[in-house]
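Heads up: the structure comes next, in structure tokens.
Residue numbers (my numbering): 380 to 488.
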């Protein structure tokens, strides 16, 4: 079972544009190897491996070894802390926009 990472860990993992691109590429596949991720990315295999390590620590990807290959897949549950955090602030902003809308109607009916 996956341990749920903190919202800071998930944000830190996705803050890097290259790492985010790696995560998006993994998300688009059922499973993918490091070699397939490296191919055409312009990033070294070592760098891809480091990005995968960060994504794995954040609970965003899981690995499945098979022979000499390791297959990676996205773990959508890993985004839960980020979704919860956005949901919390979504309510805040909805209230603020409703107040702004009321104020603008008062200013310019």
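Glycine is no exception: its CB is placed at the ideal position from the N, C-alpha and C atoms.
453 is the residue among 467, 444, 453 and 470 whose C-alpha sits nearest the C-alpha of residue 436. For residue 441, the enclosing beta strand (DSSP E) stretches over residues 440-445.
A residue is called buried when at least 16 other Cβ atoms come within 10 angstroms of its Cβ; residue 392 meets this threshold and is buried. If you draw a straight line from the Cα of residue 460 to the Cα of residue 400, it is about 20 Å long. Listed in chain order, the non-local C-beta contacts of residue 384 below 7 Å within the same chain comprise 437, 438, 457 and 460, local neighbours out to five positions each way being set aside. For the 7 Å CB-CB criterion, residue 431 and residue 402 do not form a contact. In its chain, beyond the 5 residues on either side, 412 have a beta carbon closer than 6 Å to the beta carbon of residue 448.
Runs of the beta strand (DSSP E) lying entirely within the stretch 442-475 and spanning at least 3 residues, in chain order: 448-453. Secondary structure at residue 478: helix, using DSSP grouped into helix, strand and coil. Counting C-beta atoms within 10 angstroms of its own C-beta, residue 486 has fewer than 16 neighbours from the protein chains shown and is therefore classed as exposed.
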